[in-house]
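>
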Amino acid sequence: MEVIMVPEEKKMIHLNIIVSGKVQGVGFRFFAQRKAVQYGINGWVRNLDDGSVEIRAIGDKKQLDSFMRDLKRGNPFSAIDQMQVDELDGQGEQSSSFKIKY
Numbered sequence: 230m231e232v233i234m235v236p237e238e239k240k241m242i243h244l245n246i247i248v249s250g251k252v253q254g255v256g257f258r259f260f261a262q263r264k265a266v267q268y269g270i271n272g273w274v275r276n277l278d279d280g281s282v283e284i285r286a287i288g289d290k291k292q293l294d295s296f297m298r299d300l301k302r303g304n305p306f307s308a309i310d311q312m313q314v315d316e317l318d319g320q321g322e323q324s325s326s327f328k329i330k331y
């Protein structure tokens, strides 16, 4: 059996991101979806009851770095106070697209 090594920068990383600030009612979920599609990231985004937004993002390091850079900037109508980023074990749900959850 041949073992194929995947370069570290191409390994799929699963992140859970909580974005707080002025992020609901300002089109932030649609902004996050557009950026995820732009960078080839799979996963989902949803509003939380506390006024923050939760994002599950699956991609390689380069994709996720670009995605998070844009999330920190936000769209013209949002104001990001904080981003909490946690790496998941990668055994969670799989996705072949990026969806807005309601």
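Each residue of the sequence shown is one higher than the last, beginning at 230 in the working numbering. Positions of the beta carbon are idealized from the N, C-alpha and C atoms, including for glycine.
Thinking just about the alpha-carbon of each residue, which of Ala286, Val252 and Pro305 is nearest to the one in Met297?
Here residue 297 refers to the residue found at position 68 when the sequence shown is read from its first residue. Looking at the Cα atoms, Ala286 is the closest of the given residues.
> Put Leu277 into one of helix, strand or coil per three-state DSSP.
Taking the first residue of the sequence shown as position 1, residue 277 is located at position 48. Of the three classes helix, strand and coil, the one that applies to Leu277 here is coil, per DSSP.
> Confirm, please, whether the CB-CB distance from Val274 to Gln262 is below 8 Å.
Here residue 262 refers to the residue found at position 33 of the sequence shown. Here residue 274 refers to the residue found at position 45 of the sequence shown. Cβ distance < 8 Å, so Gln262 and Val274 count as in contact.
> How long is the line joining the alpha carbons of Arg256 and Ile284, rounded to whole angstroms?
Mapped onto the sequence shown, residue 256 falls at position 27. Mapped onto the sequence shown, residue 284 falls at position 55. Strictly speaking, residue 256 in this sequence is Gly, with Arg absent from that position. Each residue's alpha carbon lies about 14 Å from the other.
> Specify the secondary structure class of Glu330 as computed by DSSP and reduced to three states.
Along the sequence shown, read from residue 1 onward, the residue named residue 330 stands at position 101. Going by the sequence as given, residue 330 is Lys instead of Glu. Coil.
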